[in-house]
Amino acid sequence: MRQNLLLALVASLSVTAAVACGSATTPSGATSSPTPDGSATPTPSGTATPTGSATPTPSGTPVANSYLPNFHWVLGDFDSSWMHPGLDCVGCHATSSGPDLWIGGTVYAGDGQLDDCGGVAGVQVDVTDAHGTVTSLTSGPTGNFFLKKSDAPGFTAPYTVKLSINGAERTMSASQTEGGCNSCHTQTGANGAPGRILEPGI
């Protein structure tokens with residue numbers, strides 16, 4: 627209920643926000659819509675309108691290939707798993723009252739997305755740590771995924787990441803020791819990263 631009310635509020639505020647969320651570029655540089663048909667929009671019910679054949683579940687749980695392409699987070703540091711898509715989750719939580727995280731990031735449907743713009747829900751994020759332990763995460767309604775330290779006390783870096791959705795996969799090219807994915811996967815890319823974390827298959 628709290629999530630449904632939150633999304634309805636943020637979605638209504640996002641319409642008037644002076645930020646161009648949803649205009650993305652493909653890795654080749656061509657401008658494209660984050661969805662195949664460009665029609666996905668936030669809905670008052672608290673579920674993301676999906677593309678293709680995916681449909682929202684009765685509980686409002688994000689499903690594979692559901693998008694919030696015009697969503698813009700406008701509630702500052704209001705405590706929510708939907709907060710600040712595109713920003714450095716781990717770095718912020720390390721200096722705030724949020725739970726400590728091993729890993730945190732945001733999956734997008736196209737490169738060039740601005741901070742606080744919504745991403746892709748329902749992407750499976752498999753994290754394999756130095757011991758070979760695999761932890762499976764799922765991106766939420768705004769594309770965010772994260773691993774709390776309290777949920778994986780034995781987690782040890784370096785780690786590798788594999789994303790999968792609808793039969794498509796994308797594996798990170800090198801193992802990592804830092805968990806703030808969005809600190810490198812920024813709008814334009816930093817520290818050798820090509821840009822945003824992109825869903826597989828695009």
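With the first letter of the sequence shown counted as 1, position 176 gets the number 802 in the working numbering; the numbers rise by one all the way through.
Glycine is no exception: its CB is placed at the ideal position from the N, C-alpha and C atoms.
Proximity winner among the options, relative to residue i (alpha-carbon distances)
{"i": "Gly780", "options": "Ile828, Gly769, Asp755, Phe704", "result": "Asp755"}
{"i": "Gln750", "options": "Thr764, Gly730, Gln739", "result": "Thr764"}
{"i": "Thr768", "options": "Val716, Asp703, His710, Met798", "result": "His710"}
{"i": "Met798", "options": "Ser723, Asp737, Pro826", "result": "Pro826"}
{"i": "Val760", "options": "Gly744, Gly766, Asp777, Asn770", "result": "Asp777"}
{"i": "Lys774", "options": "Gly731, Ile791, Thr812", "result": "Gly731"}
{"i": "Gly745", "options": "Asn696, Ser801, Pro784, Thr814", "result": "Asn696"}
Run of the alpha helix (DSSP H) containing residue i, from where it starts to where it stops
{"i": "Ser790", "result": "Segment 786-791 is the beta strand (DSSP E) holding Ser790; no alpha helix (DSSP H) there."}
{"i": "Ser809", "result": "807-810"}
Residue i CB to nearest heavy atom of the ligand NAD below 7 Å
{"i": "Gly821", "result": "Of ligands this structure carries none, so the ligand NAD is not represented either."}
Cβ neighbour criterion (16 or more within 10 Å) applied to residue i
{"i": "Asn757", "result": "Looking at the sequence shown, residue 757 is not Asn but His. Flag for His757 reads exposed."}
{"i": "Ser707", "result": "exposed"}
{"i": "Gly648", "result": "buried"}
{"i": "Ala747", "result": "buried"}
{"i": "Val753", "result": "buried"}
{"i": "Gly818", "result": "exposed"}
{"i": "Ser722", "result": "exposed"}
Span of the beta strand (DSSP E), counted from its first residue to its last, around residue i
{"i": "Asn770", "result": "770-774"}
{"i": "Arg822", "result": "No beta strand (DSSP E) contains Arg822, which DSSP labels as neither H nor E."}
{"i": "Glu795", "result": "794-797"}
Any chain D beta carbon closer than 8 Å to residue i
{"i": "Thr764", "result": "No chain D is present in this structure, which holds just one protein chain."}
Requested in this report: Would you list, in sequence order, the uninterrupted beta strand (DSSP E) runs of no fewer than 3 residues that lie entirely inside the region 703-764?
Outcome: Within the region 703-764, the complete beta strand (DSSP E) runs of at least 3 residues are 727-734, 750-754, 760-764.
**Report entry** the region 792-812 in contact with the region 713-721 per 3-pair CB rule at 8 Å
**Finding:** Taking a cut-off of 8 Å for Cβ pairs, the region 792-812 and the region 713-721 touch, as three or more such pairs fall below it.
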